[in-house]
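A.B. asks:
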Amino acid sequence: MAKNKTTFICQNCGQSHEKWQGKCRSCGQWNTIQEEVVLLSASGKVSPVLRSEKKPQKLSDIKTIEEQRIVTPDNEFNRVLGGGIVPGSVILLGGEPGIGKSTLLIQIALQLSPHLILYVSGEESERQIKMRTDRIPYINPNLYILSENILEPIINYIQEYSPDLVIIDSIQTLYNQQLDSAAGSVTQIRECTMQLLKIAKEKDIPICMIGHVTKDGSLAGPKVLEHTVDTVLNFEGDRHYSYRIVRTTKNRFGSTSELGIYEMQQDGLREVSNPSEIFLAQTDQHVSGVAVAATLEGNRSLLVDCQALVSETAYGSPQRAPIGFDLRRLQMLIAVLEKKCNLRLGNQDVFVNIAGGIRLDDPGLDLAIATSIISAYLNITLPEKIAFAGEIGLTGEIRIISRVEQRISEAQKLGFKAIVLSDNNKLSKNHYENIEIITVEHIRDIVATFFR
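Here the numbering used here runs 9 ahead of the position in the sequence shown, where the first position is 1.
#1: I need the DSSP call for Leu318, collapsed to helix, strand or coil.
#2: Taking the Cβ atom as the reference point for each residue, do Thr304 and Ala457 lie within a distance shorter than 9 Å?
#3: Taking the CB atoms as reference points, tell me whether Leu90 and Asp173 lie closer together than 9 Å.
#4: Classify Val361 as buried or exposed, calling it buried when 16 or more other Cβ atoms lie within 10 Å of its own Cβ.
#5: So Leu391 packs on Phe459, CB below 8 Å; how close in whole Å?
#6: According to DSSP, is Phe460 part of a helix, a strand, or is it coil?
#7: Which complete alpha helix (DSSP H) runs does the region 213-293 hold, if anything under 4 residues is left out?
#8: Nearest to Met140 by CA position, among Ser111, Gly333, Pro372 and Asn434, is which residue?
#9: Do the region 26-43 and the region 233-248 touch if we need at least three Cβ pairs shorter than 8 Å?
#10: For a quick check, are the C-beta atoms of Asn283 and Thr322 less than 9 Å apart?
#11: Excluding the 5 residues flanking Ser190 on each side, which residues of the same chain have their C-beta closer than 7 Å to its C-beta?
#12: Any idea what DSSP makes of Tyr441, helix, strand or coil?
#13: Between which two residues does the beta strand (DSSP E) containing Phe360 stretch?
#14: Could you check which residue in Arg199, Val255, Lys212 and Lys348 has the C-alpha nearest to that of Gly230?
#15: Who are Trp39's beta bridge partners in DSSP?
#16: Taking only runs that begin and end inside the region 364-441, name each unbroken beta strand (DSSP E) of 3 or more residues, in chain order.
#17: Lys259 to Arg461, Cα distance in whole Å?
#18: Do the region 198-218 and the region 99-118 touch if we need at least three Cβ pairs shorter than 8 Å?
#19: For the region 375-388 against the region 341-350, are there 3 or more C-beta pairs whose distance is under 8 Å?
#20: Of the choices Ala330, Arg338 and Ile395, whose alpha-carbon is the least far from that of Gly312?
#21: Less than 9 Å between the beta carbons of Ala427 and Ser384, yes or no?
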């Protein structure tokens, strides 16, 4: 007969402790250790090792076949997965509450007709899910809804129906009846994930799981959850904007540098095939302090508006307030402009905004950010239809950046007349007929060219 044993597990990192303590010795977090009950055999000893029927094989003897992915009608979702859903894979989609995680997956399930989809919800009833699907303009007669949070019957239904795709909403609401710990604890999340992973690999059924996030934005549960699954997607967005971004942080079957962009509407999520349309200015008004950056987000090229506002400090220390851009990099750019361009920014408040609510960390943004600050400080507008792409070093030199041709092609496609790049890129200017290539060596060249 099995007997119970009490252990103390950190809910942040999953580290086991012999007794309760206020601080976890593994991750250093306070008040995250909770008492949980685990099951042991009657003897309390480790079970003997059983002989497996599988034997080691030579690498040269293993035959490989190309996986037949499930290609969804959602091109943005296919992009972040590397071409579609791989059979037998386990996908984890995380994001803040109310951002649209459930809407995204149930919209994909409705589009995957005539595939048989099993949607399991531990948070909503069947009627609530029906109300959600009524506003989405897609119909899948083979979509089955199950409102259940006990793991055992869910696995039984998966074996009975053999669906083409299983959606779990969410993994934190499931619990295994053989464990005494509460749903959402480290032990329950780890055990439920391992059971779902096992049936996914055995039956070759892909499983998409929704995961909650903590207050600092990381996925709730043990870190082993992210190591166990095949793909980890982050669904991001600002509540004040209608646009959503799906980023890939782990993908065993594709690139991790892809992202998908959506627009939240009343009838669901709309794919945004041309992201530059949402990040460029939506007015023809020509003002100072705005420069267009030809940047990259993952493997996609974007043109975004970099807006700057420079005003004299009324009192105290001057403010440096970026939105969508790194604060320390902004401070570095301001220091370079003060030292190399003789701009008196020490007594000026500098505000920088990447329009559209997106956050970028591409070094190629430096040139556009610096140019917008110069434009705002001198109150001189830049020429229309000109883009900037370049990294700025501490000495003020304009450094080369990656995938310059892709940035130029995006600017050319959107009708820009010129693009400013580093002179070290060694591009053939005659190769581009419809766009002028302007090269600069130093940040002083920007002042001499556009602000004389």
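From the three backbone atoms N, C-alpha and C, an ideal C-beta is built for every residue, glycine too.
C.D. replies: A quick look at the data gives this:
#1: Position 309 of the sequence shown holds residue 318. In the structure shown, Leu318 sits in a strand (DSSP, three-state: E or B).
#2: Here residue 304 corresponds to residue number 295 of the sequence shown, with the count starting at 1. Here residue 457 corresponds to residue number 448 of the sequence shown, with the count starting at 1. No, these two residues do not count as a Cβ contact at 9 Å.
#3: On the sequence shown, residue 90 is found 81 positions in, with the first residue counted as 1. On the sequence shown, residue 173 is found 164 positions in, with the first residue counted as 1. The criterion of a C-beta distance shorter than 9 Å is not satisfied by Leu90 and Asp173.
#4: Along the sequence shown, one-based indexing puts residue 361 at 352. So Val361 counts as buried.
#5: Residue mapping note: residue 391 aligns to position 382 of the sequence shown, counting from 1. Residue mapping note: residue 459 aligns to position 450 of the sequence shown, counting from 1. Correct: roughly 6 Å between the Cβ atoms.
#6: Locating residue 460 in the sequence shown gives position 451, counting from the first residue. It is coil, neither helix nor strand.
#7: Runs found: 233-237 and 285-288.
#8: Counting from one through the sequence shown, the residue named residue 140 turns up at place 131. With distances taken between Cα atoms, Met140 lies closest to Ser111.
#9: With the cut-off at 8 Å, the region 26-43 and the region 233-248 do not touch.
#10: If you number the sequence shown from 1, residue 283 lands on position 274. If you number the sequence shown from 1, residue 322 lands on position 313. No; because the gap between Cβ atoms is not below 9 Å, this pair is not in contact.
#11: On the sequence shown, residue 190 is found 181 positions in, with the first residue counted as 1. Closer than 7 Å at Cβ, skipping near neighbours: Glu45, Val46, Thr196 and Gln197.
#12: Here residue 441 refers to the residue found at position 432 of the sequence shown. In the structure shown, Tyr441 sits in coil (DSSP, three-state: anything other than H, G, I, E or B).
#13: Locating residue 360 in the sequence shown gives position 351, where the first residue counts as 1. Looking at the DSSP string, the run of the beta strand (DSSP E) that includes Phe360 is Gln357 to Ile363.
#14: Indexing the sequence shown from 1 puts residue 230 at position 221. The candidate whose alpha carbon is nearest that of Gly230 is Arg199.
#15: For the purposes of this step, residue 39 is taken as residue 30 along the sequence shown, with counting starting at 1. For Trp39, DSSP records a beta bridge to Lys32.
#16: Qualifying beta strand (DSSP E) stretches, in chain order: 395-397 and 427-431.
#17: In the sequence shown, residue 259 corresponds to position 250, counting from 1. In the sequence shown, residue 461 corresponds to position 452, counting from 1. Those two C-alpha atoms are separated by around 48 Å.
#18: Cβ pair count under 8 Å is three or more, so yes.
#19: Touching, per the Cβ criterion.
#20: Residue mapping note: residue 312 aligns to position 303 of the sequence shown, counting from 1. The sequence shown places Leu at residue 312, not Gly. Nearest of Ala330, Arg338 and Ile395 to Leu312, Cα basis: Ile395.
#21: For the purposes of this step, residue 427 is taken as the residue at position 418 of the sequence shown. For the purposes of this step, residue 384 is taken as the residue at position 375 of the sequence shown. No. Outside cutoff.
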